[in-house]
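For reference, the structure discussed in these notes is given below.
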Amino acid sequence: MDERFPGCRAALGPVAQDRLRAILMNVVSDDLRLAALRAEVEAGRLPPCIPDLYRLEEVVAKVRGEEQWLPAAVSERLINPTLELVAVAWAGLDGILSSDVLSCPPAPGSLVMVWRHPRTNEVRVQQATDAHLLALKVMADGLDPLLVANGHGVGVGVIDRALRQAVDEGLILSPPSALCRRPSVLTAATVEPAFLRTEVFTAQWHITQACDLHCKHCYDRTGRPPLPLDRGLRFLDDLRQFCLQRFVSGQVTFTGGNPLLYPHFLALYRGAVERGFSVAILGNPTSREQLQMVIAEAKPLFYQVSLEGLEAHNDAIRGPGHFARVIDFLALLKELGVYSMVMLTVTAENQTQVLALAEFLRDKVDLFTFTRLAQIGEGANLRGPTREDYRRFLQDYREAARQNPCLGFKENLFSLLAKEGGEPPWGGCTGHGCGAAFNFVAVLADGEVHACRKFPSPLGNAFSQGLGTVYDSSAAAAYRQGSAACQGCSLLPVCGGCLAVSHGLGLPPLKARDTYCWREDLAEA
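This is the structure:
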């Protein structure tokens with residue numbers, strides 16, 4: 052009894068344990084055992100939930116003891132073949148199996164799930180939620196999530212999120228993400244497999260060129276046709292299909308210009324939420340009222356604003372009063388519970404201010420990161436730091452990060468510092484090194500798609516061609532491959548330098564090595 056029915060034993064006192072043990076030893080048939088247990092319950096000698104708990108533990112023992120067949124790989128989503136659903140009349144039975152507390156309120160019609168997790172091989176026991184049952188129903192009956200959503204008057208994202216949750220928990224088996232680095236990149240790689248395959252695809256969507264600032268390093272002030280709302284919603288449908296076909300989750304990061312100046316921003320934001328996408332904003336400070344309207348639709352994963360140094364330098368770049376507005380806005384984000392990020396573009400002029408700014412922001416922002424200046428557009432009028440100064444800056448930044456929890460690591464070259472110190476690499480710019488045309492693309496208001504928004508890197512047009520066609524193009528494949536000068540480096544999947552910086556220096560980004568990289572022997576990288 053101790054091994055097969057630990058929950059029943061833990062839930063009972065010594066006398067009741069003896070009664071249960073006698074039934075288990077002397078009654079062979081499950082049906083007769085259940086009848087005997089119910090008789091004990093009616094006589095008041097066992098708690099009412101014991102028959103259900105006994106049945107549940109029988110199923111747990113079955114799933115744990117049998118050699119359950121789980122396929123090593125699947126070509127389409129399917130329900131985990133080890134899954135068992137146990138109907139019970141009491142809530143909390145799954146908790147008894149992991150604690151000594153007997154607390155089982157009545158819950159007619161409850162279902163408890165028992166299954167072997169495909170990744171850990173552990174047997175899990177959990178009371179089914181409505182989301183679990185929804186996902187299993189859709190899968191079992193082969194239903195179209197869009198039709199189910201329309202029939203119940205909800206966004207299809209409700210169904211898609213339930214299915215993704217079931218996949219994450221191992222209730223549904225799914226093919227791996229189809230977005231994986233090319234074999235030629237994998238050959239030299241010595242990083243963790245997680246860096247080689249992405250589970251999330253991000254569309255950095257520049258929905259408008261309109262902006263209330265005129266920053267001195269802006270890389271694109273050109274005009275573009277305004278985005279019609281219906282065209283934007285159709286793109287979201289296309290993005291959803293792309294993610295479903297590639298077995299990845301989707302994220303839409305709204306930016307511009309200033310995305311909140313787009314006249315239909317809330318409708319487009321709502322459309323992304325309804326389709327189940329994670330949403331984020333790269334923008335400028337806005338009013339409490341407008342931010343609250345956004346949160347009412349869905350709280351963004353993060354809201355990122357920019358600073359370019361301490362107050363005097365920042366305002367010289369972004370305009371008088373901008374620094375103070377950002378600091379006030381960060382306080383508003385904290386008050387409303389929105390994860391805040393500050394991004395800085397490192398130049399020769401502000402490099403010495405970065406750590407002082409980070410210290411000032413220590414208790415004001417959730418994450419502070421930076422990127423290098425790409426001398427493109429109006430940024431061509433500014434200067435980047437020297438390679439030697441920048442390397443020292445990265446070392447100082449890494450040391451400061453040990454004491455300042457808001458400092459983040461976005462620069463790809465941090466992985467080079469980690470390699471030199473015998474430490475594991477960081478994920479770099481996008482969590483996968485240079486993610487250009489791999490785990491993200493930039494989409495402009497007219498549908499034009501770029502591998503990276505910081506420099507001209509056109510791949511096609513998502514509106515006229517479809518995102519899948521653009522992503523599968525030879526142009527996109529070339530950007531995913533990275534610079535030819537980096538192909539011998541084992542850090543390529545977490546680094547790859549910065550193609551935009553190379554372009555801004557007049558170098559061919561897919562051929563030249565990032566001039567800031569100080570590693571001389573790529574063959575041993």
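Take 52 as the starting number for the sequence shown in my numbering and just add one per residue. Even glycine gets a Cβ: it sits at the ideal position worked out from N, Cα and C.
Under three-state DSSP, which class holds residue i?
i	result
Gln260	coil
Gly274	coil
Val205	coil
Leu129	strand
Asn512	strand
Cys503	coil
Ala182	helix
Arg248	strand
Cys231	strand
Glu474	coil
Pro159	strand
Ala94	coil
Thr566	coil
Val165	strand
Arg55	coil
Which residues in the same chain as residue i place their Cβ atom closer than 8 Å to its Cβ, once the five residues preceding and following it in sequence are excluded?
i	result
Tyr280	It should be pointed out that residue 280 corresponds to Leu in this sequence rather than to Tyr. Excluding residues within five positions, the ones whose Cβ falls inside 8 Å are His315, Ala318 and Leu319.
Leu97	Leu63, Ala67, Arg70, Leu71, Leu88 and Glu91
Arg84	Ile74, Leu75, Val78 and Tyr105
Asn309	Thr259, Ala261, Cys262, Asp263, Leu264, Gly334 and Asn335
Ala563	Ser534, Ala536 and Ser553
Glu250	Ser228, Val299 and Ser300
Pro226	Ala124, Val125, Ser126, Glu127, Arg128 and Phe298
Leu230	Arg248, Thr249, Phe252, Arg297, Val299, Phe489 and Asn490
Under 8 Å, do residue i and residue j count as touching if we go by C-beta distance?
i	j	result
Gly478	Phe246	yes
Val299	Phe252	yes
Val500	Ala513	yes
Leu121	Pro169	yes
Ser161	Gln177	no
Arg212	Ser228	no
Leu222	His265	no
Arg438	Leu468	no
Ala409	Leu458	yes
Val218	Trp166	no
Gly307	Gln260	yes
Arg326	Arg291	yes
Tyr530	Ala502	yes
Phe489	Ala425	no
Val377	Leu358	yes
Leu144	Leu107	yes
Gln404	His364	yes
Leu527	Leu510	The sequence shown places Ala at residue 527, rather than the Leu named in the question. In contact: Ala527 and Leu510 (Cβ atoms closer than 8 Å).
Ser534	Pro560	yes
Ile147	Ala86	no
Ile346	Leu383	no
Leu558	Asp289	no
Leu406	Ala451	yes
Leu134	Met164	yes
Excluding five sequence neighbours on each side, which residues of the same chain lie with their C-beta closer than 7 Å to the C-beta of residue i?
i	result
Gln402	Pro436, Asp440 and Phe444
Arg504	Gln255, His257 and Ala493
Asp195	none
Arg442	Trp569
Ala399	Arg434, Gly435 and Pro436
Lys385	Ser391
Leu556	Gln426 and Thr566
Closest by CA to residue i, which one among the options?
i	options	result
Val416	Lys461, Gln355 and Gln426	Gln355
Leu295	Gly511, Ser525 and Glu127	Glu127
Ala431	Ala140, Tyr270, Arg321 and Ala528	Tyr270
Val110	Asp379, Val137 and Leu561	Val137
His268	Gln538, Val397 and Pro159	Val397
Thr173	Arg232, Ala142 and Ala112	Note that residue 173 is Glu in the sequence shown here, rather than Thr. Answer by Cα proximity: Ala112.
Pro244	Leu433, Leu284, Pro475 and Glu135	Pro475
Lys470	Ser541, Val199 and Gln341	Ser541
Trp141	Met164, Pro159 and Ala191	Pro159
Asp82	Pro276, Cys480, Glu93 and Pro102	Pro102
Thr420	Phe411, Leu395 and Phe286	Leu395
Examine the ligand COA and report whether any of its heavy atoms sits within less than 7 Å of the Cβ of residue i.
i	result
Leu136	Ligands are entirely absent from the displayed structure, and the ligand COA is therefore not among its contents.
By Cβ distance below 6 Å, which residues in the same chain neighbour residue i in space, the five residues on each side in sequence not counted?
i	result
Gly484	Asn463, Pro544, Val545, Cys546 and Gly547
Met392	Phe353, Gln355 and Leu418
Asp321	Reading the sequence as shown, one finds Arg at residue 321 and not Asp. These residues qualify, in order along the chain: Glu348.
Cys568	Gly548
Tyr313	Ile258 and Thr259
Phe380	Pro336
Pro99	Val92
*Can you list the beta strand (DSSP E) stretches of 3 or more residues lying completely in the stretch 315-341, in chain order?*
329-333
*Go through the stretch 412-469 residue by residue and report every complete run of the beta strand (DSSP E) that reaches 3 residues or more, in order.*
418-423
*List in chain order: all unbroken alpha helix (DSSP H) runs of 4+ residues lying wholly within the stretch 370-414.*
373-386 and 405-411
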